[in-house]
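The sequence shown begins at 1 in the working numbering and counts up by one.
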Amino acid sequence: MTTRVELRRDAGRVSAATGPWIRRRQVARVRGAGGPVTLAEVVDHRDRPIGWGLVSEAGDIAVRMIAFTPAPPPEDWLPRRLAAAIGAREALARGDRETDAWREVNSEGDGLPGLVVDRYAEDRVIQVTTAAMSWRLPEIVAALAPRTSGRLFVTTTARAIAREEVTLSGRELGDAALVRPPGEASGDAPLSFRERGLHLQVPAPPAQKTGAYLDQRDNRERIAALAAALAGDEGGALLDVGCHVGGFALQAARRGLRAVGVDQSEVALERARDNAVRNHLVERTSFVRGDLFTPDAWLPEVTAALAGRTVAAAVVDPPAIARARKDLDRARGALARALGPIIPLIGPRGVIALCSCSHHLGGEVLDAVALAAAPAGALTRILALGPAPDHPVAPGHREGEYLRVHVYQRR
């Protein structure tokens, strides 16, 4: 018997234009066997077909749509979509001989909700964030293992375990994959890769996201180049707050700037320092331990590390601080207070890049933060950036547009 998800009369419009998620409040009933192994037919309250989706028994999202068609997708829809996504990334990567790390699968953006695959040279990291995809891990690994000459990691997030009832145990993956649950030290060698002229390493899973925040790759290069242009021959500096393993800072140092990175994780800072050594950039870089939201504690050390250089660009990349709409006011105020002491470090005509990886912390909120943090008229927005093109977003899926980077110039 085909499992059917019947929507409520007041479910509202559900189509590709409204995105692939169906909330639990929109569902009237589920007929037939449910659970993460199920590919269910979705119908409206009049029994008219809407499409097919993966059912979730936990969390707010009840169904993640796979197809908005009357007929079900083919049985091999998953390996087909994997192959299509990887082929699309390989096409995007052609001609970039200085980079061998990119996102191969971006969840809903590739029609594979709950699945992310990042490639680091010959290694791959699979991250599953829904029970439906964790149940399909044997099929996913079977499709990716022949394509992977290095290591194939499988991981998830603590949030997915708590909210979506994801489990990595009990999956028959054989020796093809290295399963690394969150919170367990693995001892694996780091992931090594090249990014736009830099030779980098990030910790192997379990780690922050899948390792290197590849969505910021193009922004790291673009903002470093902008900082170098603004500094001119005077020898300016870039301040990278929330630097992780040093991406923005190292790209700036490669262009001759003094670069100072700040992060609250000593593990990340150790890797950033190692990356500076690997790229012969030690003399141009300093890395300071500190929390973005307590700048007074680390600003004296940063000022000393700048060695009199004027900051041509500052990058502020906070963690996800607004996971729900109710968090917005608190997050906006905290960010504005944190930026207050940083902005005076930036020279005239210098820039500050303010990043958000929270869907609810959108561009209009970033603008509000900038207005609150600086005197009236002191900042003007010159760029609005997003993720690299290997992070596609399904049309209509507003929640997939999570990364915003607004660049403001000081007047």
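Backbone N, C-alpha and C fix where the C-beta goes; we use that ideal spot for every residue, glycine too. Note that the structure is a prediction, hence the values are computed from the model and not measured.
Taken atom to atom, the span from the alpha-carbon of R404 to that of E165 is near 29 Å.
Cβ neighbours of A268 within its own chain (closer than 8 Å, five residues either side excluded): Q208, C243, H244 and V245. Cβ neighbours of A28 within its own chain (closer than 7 Å, five residues either side excluded): E6, L7, R8 and H45.
Rounded to whole angstroms, the Cβ separation of L257 and L345 is 14 Å, and the two are not in contact under 8 Å. Its chain contains C357 and S358 as the residues whose beta carbon lies nearer than 7 Å to that of A320, once the 5 sequence neighbours on both sides are disregarded; these appear in chain order. Secondary structure at L39: strand, using DSSP grouped into helix, strand and coil. In terms of Cα proximity to A145, the closest of A176, G232 and R254 is A176. Beta-bridge analysis with DSSP links E195 to L198.
In this structure, the alpha-carbon of E98 lies about 24 Å from that of P205. In this model, A249 and T18 are separated by some 39 Å (Cα to Cα). Relative to W298, the option among V277, P203, Q264 and R325 whose CA is nearest is Q264. With respect to A85, V128 sits apart: the two C-beta atoms are not nearer than 9 Å. Counting other Cβ atoms within 10 Å of its Cβ, D317 reaches 16 or more and is therefore classed as buried. Taking C-beta atoms as the reference points, L214 and T130 fail to come closer than 9 Å.
Going by C-alpha positions, I140 is about 31 Å away from R25. Counting only residues of its own chain and dropping the five nearest sequence neighbours on each side, R81 has a CB closer than 7 Å to the CB of D110, G111 and L112. For L115, there is no enclosing alpha helix (DSSP H); the enclosing beta strand (DSSP E) has its first and last residue at L115 to Y120.
Contact between L230 and A313 holds, since their C-beta atoms are separated by about 7 Å, short of 8 Å. Assignment of beta strand (DSSP E) within the region 356 to 393, counting only whole runs of 3 or more residues, yields 379 to 385 in chain order. In the three-state reduction of the DSSP assignment, T18 falls in the helix class.
Secondary structure at A101: strand, using DSSP grouped into helix, strand and coil. The DSSP assignment places complete beta strand (DSSP E) segments of no fewer than 3 residues inside the region 201 to 263 at 237 to 241 and 258 to 263, in order along the chain. In the DSSP annotation of this structure, the continuous segment of the beta strand (DSSP E) that includes A67 starts and ends at I61 to A67. Within its own chain, the residues whose Cβ lies closer than 6 Å to the Cβ of D123, once the five positions on either side in sequence are excluded, are G150, R151 and L191, listed in chain order. Bounds of the alpha helix (DSSP H) holding V302 are P295 to L306. Scanning D60, G59, A58 and R64 for the CA closest to the CA of W52 turns up R64.
Going by beta carbons, R171 and P138 fall inside the 9 Å limit.
Looking from the CA of D47, the closest CA among S56, I61, R278 and V30 belongs to V30.
Pairing A384 with G363, the inter-Cα distance amounts to about 8 Å. With at least 16 other beta carbons inside 10 angstroms of its own, E108 counts as buried. When C-alpha distances from P341 are compared across T294, A378, E234 and G32, the shortest belongs to T294. When only Cα atoms are considered, A189 and A272 end up about 16 Å apart. In the structure shown, the three-state DSSP call for E401 is coil. Secondary structure of R4 (DSSP, three-state): strand. The three-state secondary structure of R25, taken from DSSP, is helix.
By the Cβ-count criterion, G114 is buried, with 16 or more other Cβ atoms from all chains shown falling within 10 Å of its own Cβ.
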